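**Q** Chains as they are written, first to last, in UniProt numbering: chain A, 1 to 219; chain B, 1 to 194.
All residues carry an ideal CB built from backbone N, CA and C; glycine is no exception.
Model, not experiment: these values are computed from the prediction.
This is the structure I want to talk about, given as structure tokens.
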Amino acid sequence: MKRPGPLLTLLAGLVLGLFLLTLNATTGTRTASSSYEESPSPAPVRSTASEAAPSRSASPSPVPAADADYAGRTDDDAAAIAVSVQDGRAVAYYCDGRTEESWLKGDVEDDGTLRLTGEHGARLDGTLDDGRRVEGTVTVGGGRHAFSADRAKKPSGLWRATATVRSAKIDGGWIVLRDGTQVGILTRDGKASPAPRIDPSTGTVTVDGQQLTARPATP
Amino acid sequence: MTVDPNAATQNFPGPEPVRHGPGPARYLVPALVAAAVAVALGAYGKVHDPAGTAFNLAGFSSTGAVKSWLATAAMLFALVQLVSAAMLYGRLPGPAWSGTLHRWSGRAAFLTAVPVAVHCLYALGYQTYETRVVWHSLLGCFFFGAFSAKMLLLRSERLPGWLLPIVGGLVLAVLTIIWLTSALWFFRTFGVTT
């Protein structure tokens with residue numbers, strides 16, 4: 001053979017690349033499945049999402065049947081709504097995909113009643129029906145809507161990403177419905193606009209050229 | 001059979017020169033391999049769902065910082081490549097070991113670039129949402145193709161004297177644009193952080 005050097009160089013690069021890829025793939029599946037606690041922030045983004053959405057893997061729940069995500073639409077089809085229940089607490093997100101959104105929080109009573117409140121007088125009254133769906137009414141921005149949200153299986157459910165991109169505070173919320181439809185709003189420094197699609201398998205979303213990672217929202 | 005006097009010398013010459021006809025295979029094989037590498041990387045980046053995250057190195061604030069510093073290291077090695085190549089071709093006065101310098105700085109540049117590319121392809125994928133990103137994605141794939149071609153061309157004998165400098169210069173130019181559209185952009189956007 002003549003001059004094996006260049007070939008060896010190429011092979012070394014190939015081997016190194018494959019090795020790193022395997023390393024990534026093996027650690028990657030672990031991150032994707034549940035805990036996001038390890039600190040390396042995703043992509044070149046100084047994400048604050050880890051503080052905003054604490055890991056959902058922790059703490060076994062006393063009422064496991066009710067701990068779940070619920071997603072659906074209002075009966076008038078004006079907006080989507082998702083509720084995430086965990087450990088007797090609930091967070092709900094109402095979103096019309098354009099300008100109107102609201103995050104609501106509150107406790108879940110022992111009988112399955114939810115009374116959640118959000119900013120600007122938003123409120124949600126609902127009942128947790130056997131852990132299968134949440135039904136009730138939500139009042140946001142002066143409008144009152146009846147809704148029913150069925151239990152959602154990942155990746156459908158409620159997602160949230162908060163970060164700072166080029167000194168603008170970004171807050172995004174997404175409801176991924178069972179059929180894969182996404183309804184989301186992205187707020188940049190308080191201004192709401194329709195959100196770009198997230199990749200429901202990973203939560204990855206590109207905002208203003210920056211890659212963020214949305215996390216499942218938890219109470 | 002004579003060895004290309006311009007090419008970097010190797011300490012152990014091939015035991016017996018294989019007689020290749022001056023056929024087109026000498027150029028065709030590297031060109032095809034280059035195309036295959038570039039297309040394969042691009043296709044992987046496009047088809048594979050970006051993971052958004054990958055492992056980080058201790059001591060760095062983000063994977064972006066790690067990549068930017070690795071890319072900068074690769075860029076510095078690439079500049080050594082330029083200087084040492086000029087020495088080999090007699091355009092600059094150089095020591096006797098400039099050939100060794102050229103080979104090893106090239107390997108170092110390539111091997112520092114590989115982890116960066118792996119992270120790009122694994123975590124971010126082939127993206128087109130901005131002009132900067134389009135060029136970066138496109139040239140990133142092109143770079144590894146062109147580099148493979150350069151490596152394979154080195155193995156051929158009796159190449160036209162202008163070919164290696166052209167291909168080498170192309171590889172360097174592409175790497176420079178890749179660096180400008182990523183690491184420099186990162187440092188300007190986020191500051192020179194570790």
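List, in chain order, every chain B residue whose beta-carbon is nearer than 9 Å to that of A:Arg188.
**A** Here residue 188 of chain A corresponds to residue number 188 of the first sequence, with the count starting at 1. The contacting residues do not exist; A:Arg188 stays about 16 Å from chain B at best.
**Q** Could you name the residues that DSSP lists as bridge partners for B:His48?
**A** Taking the second sequence and counting its residues from 1, one reaches residue 48 of chain B at position 48. Note: B:His48 sits in no beta bridge, so no partner.
**Q** Quick check on the burial criterion: 16 or more other C-beta atoms within 10 angstroms. Buried or exposed for A:Asp189?
**A** Numbered from its first residue, the first sequence carries residue 189 of chain A at position 189. Its Cβ having fewer than 16 others within 10 Å, A:Asp189 is exposed.
**Q** Over what stretch of residues does the alpha helix (DSSP H) that includes A:Ile175 continue unbroken?
**A** Taking the first residue of the first sequence as 1, we reach residue 175 of chain A at position 175. First-last for A:Ile175: Ala168 to Val176, but that is the beta strand (DSSP E), not the alpha helix (DSSP H).
**Q** Contact criterion: CB-CB distance below 9 Å. Does B:Phe77 meet it with respect to chain A?
**A** Here the question's residue 77 of chain B lines up with position 77 in the second sequence. False, the Cβ-Cβ gap to chain A never drops below 9 Å.
**Q** Measuring only the C-alpha atoms, how far is B:Gly64 from B:Ser137?
**A** Here residue 64 of chain B refers to the residue found at position 64 when the second sequence is read from its first residue. Here residue 137 of chain B refers to the residue found at position 137 when the second sequence is read from its first residue. So the alpha carbons of these two residues sit roughly 16 Å apart.
**Q** When you compare only the Cα positions, how much space is there between residue 199 of chain B and B:Arg188?
**A** Any answer about residue 199 of chain B is impossible in this case: the structure gives chain B only from 1 up to 194.
**Q** Do we get a CB-CB distance below 9 Å when we pair B:Phe142 with the residues of chain A?
**A** Taking the first residue of the second sequence as position 1, residue 142 of chain B is located at position 142. No, its Cβ sits nowhere closer than 9 Å to a Cβ of chain A.
**Q** What residues are listed by DSSP as bridge partners for residue 205 of chain B?
**A** Because chain B here runs from 1 to 194, residue 205 of chain B falls outside it and cannot be looked at.
**Q** Rounding to the nearest angstrom, what Cα-Cα distance links A:Phe147 and A:Val165 in this structure?
**A** If you number the first sequence from 1, residue 147 of chain A lands on position 147. If you number the first sequence from 1, residue 165 of chain A lands on position 165. Looking at the two C-alpha atoms, the distance is approximately 34 Å.
**Q** Could you please give the first and the last residue of the uninterrupted beta strand (DSSP E) stretch that includes A:Leu103?
**A** Your numbering for residue 103 of chain A matches position 103 in the first sequence. It is worth fixing the name first, because residue 103 of chain A is Trp in this sequence and not Leu. It spans Glu101 to Val108 - the beta strand (DSSP E) in which A:Trp103 sits, taken as one unbroken run.
**Q** For A:Asp107 and A:Ala92, I'd like the C-alpha separation in whole angstroms.
**A** Counting from 1 along the first sequence, the entry for residue 107 of chain A is found at position 107. Counting from 1 along the first sequence, the entry for residue 92 of chain A is found at position 92. Rounded to the nearest angstrom, the two C-alpha atoms are 11 Å apart.
**Q** What separation, rounded to the nearest whole angstrom, lies between the Cα atoms of A:Val207 and A:Ala161?
**A** Here residue 207 of chain A refers to the residue found at position 207 of the first sequence. Here residue 161 of chain A refers to the residue found at position 161 of the first sequence. Those two C-alpha atoms are separated by around 10 Å.
**Q** If A:Gly136 sits next to A:Leu124, beta carbons under 8 Å apart, how far is it from one beta carbon to the other, in whole angstroms?
**A** Translated into positions along the first sequence, residue 136 of chain A becomes position 136. Translated into positions along the first sequence, residue 124 of chain A becomes position 124. Contact flag correct, Cβ pair sits at about 6 Å.
**Q** Which of helix, strand or coil does DSSP assign to A:Gly157?
**A** For this step, residue 157 of chain A is matched to residue 157 along the first sequence. It is a strand residue.
**Q** Tell me the DSSP secondary structure of A:Pro6 in three-state form.
**A** Against the first sequence, residue 6 of chain A aligns to sequence position 6. Residue state, collapsed to three classes: helix.
**Q** Interface residues of chain C around B:Leu111 at Cβ under 7 Å?
**A** Judged by its chain identifiers, the structure shown contains no chain C, and its protein chains are A and B.
**Q** Would DSSP call B:Gly99 helix, strand or coil?
**A** Counting from one through the second sequence, the residue named residue 99 of chain B turns up at place 99. Helix, per DSSP.
**Q** Closer than 9 Å, CB to CB, is B:Pro24 near chain A or not?
**A** To locate residue 24 of chain B, count along the second sequence from 1; it is residue 24. Not an interface residue.
**Q** Quick one: does A:Ser193 have its CB under 9 Å from some CB of chain B?
**A** Here residue 193 of chain A corresponds to residue number 193 of the first sequence, with the count starting at 1. So no, A:Ser193 is outside the interface.
**Q** Check the C-beta distance from B:Ala183 over to B:Thr72 and give it rounded, since I have them as a contact under 8 Å.
**A** Within the second sequence, the letter at position 183 stands for residue 183 of chain B. Within the second sequence, the letter at position 72 stands for residue 72 of chain B. So it is a contact: roughly 5 Å between Cβ atoms.
**Q** Taking 9 Å as the threshold (beta carbon to beta carbon), is B:Gln127 in contact with chain A?
**A** Along the second sequence, one-based indexing puts residue 127 of chain B at 127. B:Gln127 counts as touching chain A.
**Q** Using alpha carbons as the reference points, say which of A:Val83, A:Leu23 and A:Gly5 lies closest to A:Thr117.
**A** Position 117 of the first sequence, counting from 1, holds the residue named residue 117 of chain A. For A:Thr117, the nearest C-alpha among the options comes from A:Val83.
**Q** Just how far apart, CA to CA, sit A:Glu100 and A:Ala192?
**A** One-based indexing of the first sequence puts residue 100 of chain A at position 100. One-based indexing of the first sequence puts residue 192 of chain A at position 192. C-alpha separation (whole angstroms): 8 Å.
**Q** With respect to the alpha helix (DSSP H) encompassing A:Arg151, which residues constitute its N-terminal and C-terminal limits?
**A** For this step, residue 151 of chain A is matched to residue 151 along the first sequence. Segment Gly143 to Ala152 is the beta strand (DSSP E) holding A:Arg151; no alpha helix (DSSP H) there.
**Q** Can you list the residues of chain B that A:Thr206 reaches, using a CB-CB cut of under 8 Å?
**A** Numbered from 1 along the first sequence, position 206 holds the residue referred to as residue 206 of chain A. Result: Gln127 and Tyr129.
**Q** Are the C-beta atoms of A:Ala52 and some chain B residue less than 9 Å apart?
**A** Counting from 1 along the first sequence, the entry for residue 52 of chain A is found at position 52. In this prediction, A:Ala52 has a pLDDT of 39, which is less than 50 and means its spatial position is unreliable; nothing more can be read from the coordinates.
**Q** Measuring CA to CA, which of B:Phe77, B:Leu153 and B:Ala31 is closest to B:Trp104?
**A** Here residue 104 of chain B is taken as the residue at index 104 of the second sequence, counted from 1. Closest option to B:Trp104, Cα to Cα, is B:Phe77.
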